[in-house]
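Residue 119 in numbering that gives the first Met the number 0 sits at position 120 of the sequence shown; the count goes up by one each step and never skips.
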Amino acid sequence: MKEIKLNNNIIKYDKKIIKPINVIYEIFKGKLYCYLLQNFINICIKKLPVDIFTNKKSVYRTLTNLYATWFFSLYSEYKYNDDYFFPSNNLNNNILYDILSDYCSVDDSIKNKEDIIQFIINNNNMVYDETLIKNTNYKHNSFINENKDNYVIKKSMIIEKRKVDDINFYKFNIVFNFSFKISNIRLINILNNLIIPVEKYNKLKTKYSGFPDELDKYIFLILFRYQLLGSNNNQLAVLPIILNKMKEDLNLSIECFASTINTETDIYCSLYYDIEKYFGSIGSFFNIEIKKGTYSFNPPYQKDIIEKGINKLFNILKSNNQVTFIITIPIWDNLGKEIMKKNNKENNNNTIEYDDFIIINKIKQSEYFYGLRMISKNDFTYLDHNFHLYKNTTIQNTYIIVLSNFKNNYIDIINKYNFFE
C-alpha cells in the first residue's frame, strides 16, 4: 500500500500497475454491457407489470438506473484484480432482490413475486457469466488487438443553453479507421453524445499526469464508461462552492465518493482507477486505508453502500489520529421523514413504503456523532458537472452529518452554509 500525505490527511491505497488501455476493446465492452442491460430490461418487463417501474421515470430509465445500482453494489465488494469495468467477484444479488421486491410491493395483483424475482436474478446471473467469458475472449481477440491504435478521437466546440447562459462544451467523437459496425442504438447514442464543459476540460488538463498526447483519450474513456453505466443521479455532486468552503474551514482534502468529472479535490476515490488515476483517483473507497484528516462522504444514494460505508467509517474513527467525515446522505429514516413532514418538507414522490433506515440511529448513538443538519430537497442544489446542470429540486431531503473522533465545532460552521444555488 502506498501512503499519501496531503495537507492534514494521511491515506493508503493500492497503487496498481496499469497496462495500456485498448480503446477498441473498451468499445466492445460497451457492446457487451448494452446487451446485458437490454436482457435485464426485457426479462423484467416480460415477467412483471410495466406500471410498477413508471411512477417517476420511464420503465427504461428506471431499470437502467436499477442495473447501475447493482453494479455499484458489486464494485463496493470488488478488489479490481481482473477487469476494471466488469466485476468478476461472486455476484451479490441482495440489492437487486430488495429493489425488485420494493417495486412489486405496489401491485398486490402480482402472484408468486419471490419466484419471479428469483427467476429474473438467475437469468441475469447466467447472462452475466456468459458476458464475462465473452469479455475475456474479446481481450485476446486478434482483430481487436491488431486495430487497437486504428482510430482517432476528435473533439469540437459546441454551445448549449443552461437557463440564460450559453455554456461551451467539447464534444468527443471517435473515428474508426477500419470496418467496425455498431448496431446497438444505446451504444450509438452514447458515442454520439460524449460532452464535457470546456471549463471542466481545462481543469482536468492541469491535473493530468499521463502522456500529453493521451489526454483526450482518457477523458473520452471516462465520459464513455460513466455514460455506459447509466448512473445518472449517482453522479450528482455537492456544489463546488460548498466543498471549497469545507476545504478552507474544515481542512477537507479528499472525497470518498467521486469521479474525475465531478470531483473538487486533488485526490479522490472513484470507480475506475485504471483510467482515472491520471487525474488524482486513488481507487475505490472500500479498498483504501484512511489514517488521518477530514473527508467528504457523499456515497451513491443506495442503502447497502451507505450502510457498508458508514460501518467502515466507525472502524476508521477508532484511530488515535484525528479523523472527521462530513456525510451527505438522504433522509430515509422514519423519524427524519416525520420531522420533515411536520415542517411541510416531506418527500411526496414515493408510492413505495420502505423499511426504516436504521443506520441513522447507529450514527446518532455513536460516540463519534457531532451533530447534523436536515435540509429540504427544495433548499439543496446538486450539480451534474458533466452536463453543467443544477438540480435545484433534488429527489430526496438531505442530512449533513459530522462524525469525528475529536471535539470540534464543524456542524456550527456547516449550519451557516447555503446549499442552494
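Beta carbons are placed, not taken as given, at the ideal position from N, Cα and C, and that holds for glycine.
Straight-line gap, residue i to residue j (C-alpha atoms, nearest Å)
i, j, result
"Ile94", "Ala67", "11 Å"
"Asp13", "Ile281", "8 Å"
"Lys43", "Ile119", "This sequence places Cys at residue 43; Lys is not what is there. Roughly 7 Å between the two C-alpha positions."
"Asp273", "Ile315", "26 Å"
"Ser104", "Asn122", "21 Å"
"Lys204", "Leu238", "21 Å"
"Asn144", "Asn183", "22 Å"
"Lys276", "Tyr207", "9 Å"
"Tyr59", "Asn407", "46 Å"
"Asn172", "Tyr200", "15 Å"
"Met125", "Gln234", "29 Å"
"Ser283", "Leu90", "18 Å"
"Ser258", "Glu129", "29 Å"
"Ile116", "Tyr353", "18 Å"
"Leu227", "Lys147", "20 Å"
"Thr380", "Lys154", "30 Å"
"Lys160", "Phe405", "46 Å"
"Tyr267", "Ile51", "37 Å"
"Lys317", "Asp378", "34 Å"
"Asp212", "Phe419", "39 Å"
"Ile253", "Lys390", "23 Å"
"Ala236", "Phe256", "9 Å"
"Asp107", "Asp101", "12 Å"
"Ile16", "Val163", "46 Å"
"Asn319", "Lys307", "22 Å"
"Asn310", "Glu366", "13 Å"
"Lys112", "Trp69", "19 Å"
"Lys415", "Asn38", "48 Å"
"Glu288", "Arg224", "26 Å"
Residue i classed as buried or exposed, judged by whether at least 16 other C-beta atoms fall within 10 angstroms
i, result
"Pro196", "buried"
"Met245", "buried"
"Asp465", "There is simply no residue 465 to check, as the chain begins at 0 and stops at 420 in what is shown."
"His139", "exposed"
"Ser403", "buried"
"Leu193", "buried"
"Gly209", "exposed"
"Ile400", "buried"
"Asn114", "Inspection of the sequence shows that residue 114 is occupied by Asp rather than by Asn. Under this definition Asp114 is an exposed residue."
"Pro298", "buried"
"Val322", "buried"
"Gln364", "exposed"
"Glu198", "exposed"
"Lys56", "exposed"
"Lys302", "buried"
"Phe142", "exposed"
"Thr61", "buried"
"Leu99", "buried"
Cutoff 6 Å; reference residue i; Cβ partners in own chain excluding five residues on either side
i, result
"Ile9", "Lys290 and Lys291"
"Val151", "Val174"
"Leu270", "Tyr74"
"Ser375", "Lys344 and Asn396"
"Phe285", "Ser75"
"Ile109", "Cys103"
"Leu242", "Glu263"
"Phe313", "none"
"Gly370", "Val401 and Ile410"
Residues of its chain near residue i, where Cβ-Cβ distance is below 8 Å and the 5 sequence neighbours each way are ignored
i, result
"Ile412", "Asp248 and Leu249"
"Ile158", "Asp165, Ile166, Asn167 and Phe168"
"Ile181", "Ile26, Lys30, Ile187 and Leu190"
"Gly229", "Leu36, Thr63, Asn64, Tyr66 and Ala67"
"Ile325", "Met245, Leu249, Leu251, Thr293, Tyr294, Ser295, Phe296, Ile399, Ile400, Val401, Tyr409 and Ile413"
"Asn149", "Ile23, Phe175, Asn176 and Phe177"
CB-CB length for residue i against residue j, believed under 8 Å
i, j, result
"Tyr398", "Ile328", "5 Å"
"Phe356", "Asp383", "Actually they do not touch by this definition, with Cβ atoms about 25 Å apart."
"Leu131", "Phe71", "Wrong, their Cβ atoms sit about 18 Å apart, outside the cutoff."
"Asn385", "Ile218", "Incorrect: roughly 11 Å between the Cβ atoms, too far for contact."
"Ile362", "Phe368", "6 Å"
"Lys11", "Lys4", "Not quite, the Cβ-Cβ distance comes to about 10 Å (not below 8 Å), so this is no contact."
"Met77", "Asn88", "In the sequence as presented, Met is not what sits at residue 77; that position holds Tyr. Contact holds; Cβ gap of about 5 Å."
"Leu220", "Ile20", "6 Å"
Same chain, Cβ closer than 7 Å to residue i, five either side skipped, listed in chain order
i, result
"Lys133", "Leu31"
"Leu186", "Gly29, Lys30 and Cys33"
"Ile330", "Lys336, Met339, Met373, Gln395, Asn396, Thr397 and Tyr398"
"Leu214", "Lys204 and Tyr207"
"Tyr96", "Ile116 and Ile120"
"Phe278", "Leu203, Lys206, Tyr207 and Thr259"
"Asn417", "none"
Heavy atom of the ligand SAM within 8 Å of residue i beta-carbon
i, result
"Asn7", "In the structure shown, the ligand SAM is absent, as is every other ligand, since no ligand is present at all."
Neighbour flag for residue i against chain B, beta carbons, 9 Å
i, result
"Leu99", "In summary, chain B is missing from the structure at hand, where a single protein chain is found."
Worksheet item: Going along the chain, which unbroken runs of the beta strand (DSSP E) with 3 or more residues stay wholly within the region 251-275?
Response: Correct list: 251-254.
Practice prompt. Only counting runs of 3 or more residues, tell me where the beta strand (DSSP E) segments fall wholly within the region 287-328, in order along the chain.
Written response: Segments of the beta strand (DSSP E) lying fully in the region 287-328: 288-296.
Worksheet item: What residue ranges within the region 133-182 form continuous alpha helix (DSSP H) runs of no fewer than 4 residues, ordered along the chain?
Response: Counting whole runs of 4 or more residues, the region 133-182 contains the alpha helix (DSSP H) stretches 141-145.
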